[in-house]
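**Student:**
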Ligand SMILES: Cc1cc2nc3c(=O)[nH]c(=O)nc-3n(C[C@H](O)[C@H](O)[C@H](O)COP(=O)(O)O)c2cc1C
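Numbering (this note's numbering), first residue to last: 3 to 493.
If you want it as structure tokens, here you go:
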């Protein structure tokens, strides 16, 4: 029987991490300007992702903040599973697979519908509540009369050339003004002054689509940002859920407990009641400001670009609030484990569309979607190319710069095994394809932003039907009986 526990707060999650020996407290003052990054980066790059860190006295411009700062809380396979309240991420993936198999869907859309029904079936709908821990302390930002500002939060300046301080682990709540459908995404926020930030939703993201509709209608866009709370909500915000699937339903399903929502105080939105901080405000049509540079997931600085501006109207928080943060940069970083969990959880959806898919991996070196390995059960000529094109057409898989397809007997979780197959099994001209597709806004390599080319490699064995008539050789392998003998011999 798998052990399961959802988290009622970020501090509950940290307590569980500490009990499991997965958390290190840093009691002495450490600066939010660069110093926390350096310590967190060393931790994230240590074997298996190191430990989560709780800075009890983060300093802002030399003054100790009222709030402790937690970082790298999901930066290992074990902590990611603990964030989901499960023994392993695959546990949740298996549940989704079960749901998918309950009534075999005919298309991706069917699968999405089924996913939605499944979540409903498990009674994971959110619950509206009146009293919320996130409202224990309230600061309204009217006429600058409040004596609380964004500068009271221990917000990091992550890297030397960053354009300022950035909120790096925010979950951003918006609604489609036409349908009222909610979206939760994670978009970094650069602090401009005590009550204003940037809102870095990239052009392909749902927040940007909602924003565009508000701008077209000429209406101010209500936005709420939650920090902390149950970490499952952080995963849900970053997960590449199809536009229209409610992240809150998904989170409720994943944690087997409805998410309690409470109405915001100054914007018509609902947010998780168990959050540590809520920042409420508006984005005004057409208003943008230079955002960046920022030391990014790519391992390089993303340059200054224009992004919408977020005007804060209120900040509310728990009395004992903990500020959550992450850093991104040269891999591996905490985000590798977040991305890996998404792939494991959504593998059943990919398999539903492409039953020949056996496994998928996004290695850390590819910083999310730059490099994708897929193993397939190959049946017919050029099947590998069908998979590449299919994946490039699915949601955020459109950003995958390189896709390498291998046979089912290759372990895609082992990068060196995939590279061996790539080198051995391909004739570069015959087995590669280059196509045009949107590219990740963060990718500095394409000549023009947001547009680029993608490359696929078919590293599977070649069939006679593909014009290969020389007879594909067998992989060198020892006789199983000899292996068994050797096992006993070595023992
Ligand atoms: C730590 C972290 C930071 C992120 N920052 C951004 C960001 O600043 N802008 C952005 O568009 N996506 C960012 N993402 C990726 C999005 O959260 C992700 O694409 C998500 O699926 C977007 O949600 P949406 O499809 O509902 O818009 C970030 C992801 C992580 C893990």
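All residues carry an ideal CB built from backbone N, CA and C; glycine is no exception.
Since this is a predicted model, take the numbers as computed values, not measurements.
Does the beta carbon of residue 175 fall short of 7 Å from some heavy atom of ligand 1?
**Tutor:** Position 173 of the chain shown, counted from the first residue, corresponds to residue 175. No, since every heavy atom of ligand 1 falls outside the 7 Å radius drawn around the Cβ of residue 175.
**Student:** According to DSSP, is residue 142 part of a helix, a strand, or is it coil?
**Tutor:** By 1-based counting over the chain shown, the position of residue 142 is 140. Here residue 142 sits in strand by DSSP.
**Student:** Along the chain, where does the alpha helix (DSSP H) containing residue 470 start, and where does it finish?
**Tutor:** Reading the chain shown from its first residue, position 468 is the one you call residue 470. Segment: none, residue 470 is in no alpha helix (DSSP H) and carries neither H nor E.
**Student:** Scan the region 189–261 and note each continuous alpha helix (DSSP H) run of 4 residues or more that stays entirely inside, going in chain order.
**Tutor:** Listed in chain order, the complete alpha helix (DSSP H) runs (minimum 4 residues) inside the region 189–261 are 208–219, 233–240, 249–257.
**Student:** Determine whether the Cβ of residue 321 lies closer than 8 Å to any Cβ atom of chain C.
**Tutor:** Of the protein chains in the structure, only one exists, and it is not chain C.
**Student:** Provide the residue span of the beta strand (DSSP E) that contains residue 173, from first to last.
**Tutor:** Residue numbering aside, residue 173 sits at position 171 when the chain shown is read from its first letter. Start and end: 173–177.
**Student:** For ligand 1, is there a heavy atom less than 7 Å away from the beta-carbon of residue 398?
**Tutor:** The residue labelled residue 398 in the question sits at position 396 within the chain shown. Because some heavy atom of ligand 1 lies under 7 Å away, the Cβ of residue 398 counts as near it: yes.
**Student:** To the nearest angstrom, report how far apart residue 378 and residue 250 are at their CA atoms.
**Tutor:** As a working mapping, residue 378 is identified with position 376 in the chain shown. As a working mapping, residue 250 is identified with position 248 in the chain shown. If you take the alpha carbons of residue 378 and residue 250, they lie about 33 Å apart.
**Student:** Using the three-state DSSP reduction, which class does residue 32 fall into: helix, strand or coil?
**Tutor:** On the chain shown, residue 32 is found 30 positions in, with the first residue counted as 1. Residue state, collapsed to three classes: strand.
**Student:** Would you mind stating whether residue 461 and residue 407 have Cβ atoms separated by less than 8 Å?
**Tutor:** The residue labelled residue 461 in the question sits at position 459 within the chain shown. The residue labelled residue 407 in the question sits at position 405 within the chain shown. Yes; because the gap between Cβ atoms is below 8 Å, this pair is in contact.
**Student:** Could you have a look at residue 435 and say whether DSSP puts it in helix, strand or coil?
**Tutor:** Within the chain shown, the letter at position 433 stands for residue 435. If DSSP states are grouped into helix, strand and coil, residue 435 belongs with the strands.
**Student:** What residue does the beta strand (DSSP E) around residue 271 start on, and which one ends it?
**Tutor:** Translated into the one-based positions of the chain shown, residue 271 becomes position 269. Note, residue 271: premise wrong, no beta strand (DSSP E); not H, not E.
**Student:** Using 10 angstroms around the beta-carbon of residue 29, count the other beta-carbons present and answer buried if the total reaches 16, otherwise exposed.
**Tutor:** On the chain shown, position 27 is the one that residue 29 refers to. Exposed.
**Student:** Mind the definition here: the region 300–320 touches the region 266–284 only if three or more C-beta pairs lie below 8 Å; say whether that holds.
**Tutor:** They touch, by the three-pair rule.
**Student:** Could you pull out every residue in the same chain whose Cβ sits closer than 7 Å to the Cβ of residue 27, ignoring the five residues on either side in sequence?
**Tutor:** Residue mapping note: residue 27 aligns to position 25 of the chain shown, counting from 1. Answer for residue 27: 56, 58, listed in chain order.
**Student:** Where residue 474 and residue 383 are concerned, what is the direct C-alpha to C-alpha distance, given to the nearest angstrom?
**Tutor:** Within the chain shown, residue 474 is the residue found at index 472, counting from 1. Within the chain shown, residue 383 is the residue found at index 381, counting from 1. Those two C-alpha atoms are separated by around 14 Å.
**Student:** Quick check: what's the CA-CA separation for residue 99 versus residue 8?
**Tutor:** Position 97 of the chain shown, counted from the first residue, corresponds to residue 99. Position 6 of the chain shown, counted from the first residue, corresponds to residue 8. Straight-line Cα distance between these residues: approximately 21 Å.
**Student:** For residue 61, which of 39, 438, 304, 81 has the nearest alpha-carbon?
**Tutor:** Residue 61 sits at position 59 when you count from the first residue of the chain shown. Residue 39 is the option with its Cα nearest to residue 61.
**Student:** Is DSSP giving residue 265 helix, strand or coil here?
**Tutor:** One-based indexing of the chain shown puts residue 265 at position 263. Strand.
**Student:** Could you tell me whether any non-hydrogen atom of ligand 1 is closer than 7 Å to the CB of residue 185?
**Tutor:** Here residue 185 is taken as the residue at index 183 of the chain shown, counted from 1. Residue 185: yes, Cβ under 7 Å from ligand 1.
**Student:** Looking at C-alpha atoms only, which residue of 79, 399, 34 is the closest neighbour of residue 66?
**Tutor:** Residue 66 sits at position 64 when you count from the first residue of the chain shown. Closest by alpha carbon: 34.
**Student:** Skipping 5 residues on each side, what residues in its chain have a beta carbon closer than 7 Å to that of residue 346?
**Tutor:** Counted from its first residue, the chain shown places residue 346 at position 344. Same-chain partners within the cutoff: 91, 92, 95.
**Student:** Just list the alpha helix (DSSP H) runs in the region 40–114, keeping only unbroken ones of 4 residues or longer that don't cross its boundaries, in chain order.
**Tutor:** 79–85, 91–103
**Student:** Near residue 493, which residues of its chain fall below 7 Å by C-beta distance, leaving aside the five closest residues on each side in sequence?
**Tutor:** Counted from its first residue, the chain shown places residue 493 at position 491. Taken in chain order, the list of residues that qualify is empty.
**Student:** Once the 5 residues before and after residue 16 are set aside, which same chain residues still bring their CB inside 8 Å of it?
**Tutor:** The count along the chain shown starts at 1 and reaches residue 16 at position 14. Once the five neighbours on either side are set aside, the close Cβ partners of residue 16 are 25, 54, 56, 72, 75, 324.
**Student:** Taking just the CA atoms, how far does residue 405 sit from residue 280?
**Tutor:** Here residue 280 corresponds to residue number 278 of the chain shown, with the count starting at 1. Here residue 405 corresponds to residue number 403 of the chain shown, with the count starting at 1. In a straight line, the C-alpha of residue 280 is about 39 Å away from that of residue 405.
**Student:** Assuming residue 151 and residue 197 form a contact by the criterion Cβ under 8 Å, report the distance between their Cβ atoms to the nearest whole angstrom.
**Tutor:** One-based indexing of the chain shown puts residue 151 at position 149. One-based indexing of the chain shown puts residue 197 at position 195. Their Cβ separation, rounded to whole angstroms, is 6 Å, which keeps residue 151 and residue 197 in contact under 8 Å.
**Student:** Buried or exposed for residue 199, going by 16 or more other Cβ atoms inside 10 Å?
**Tutor:** For the purposes of this step, residue 199 is taken as residue 197 along the chain shown, with counting starting at 1. Under this definition residue 199 is a buried residue.
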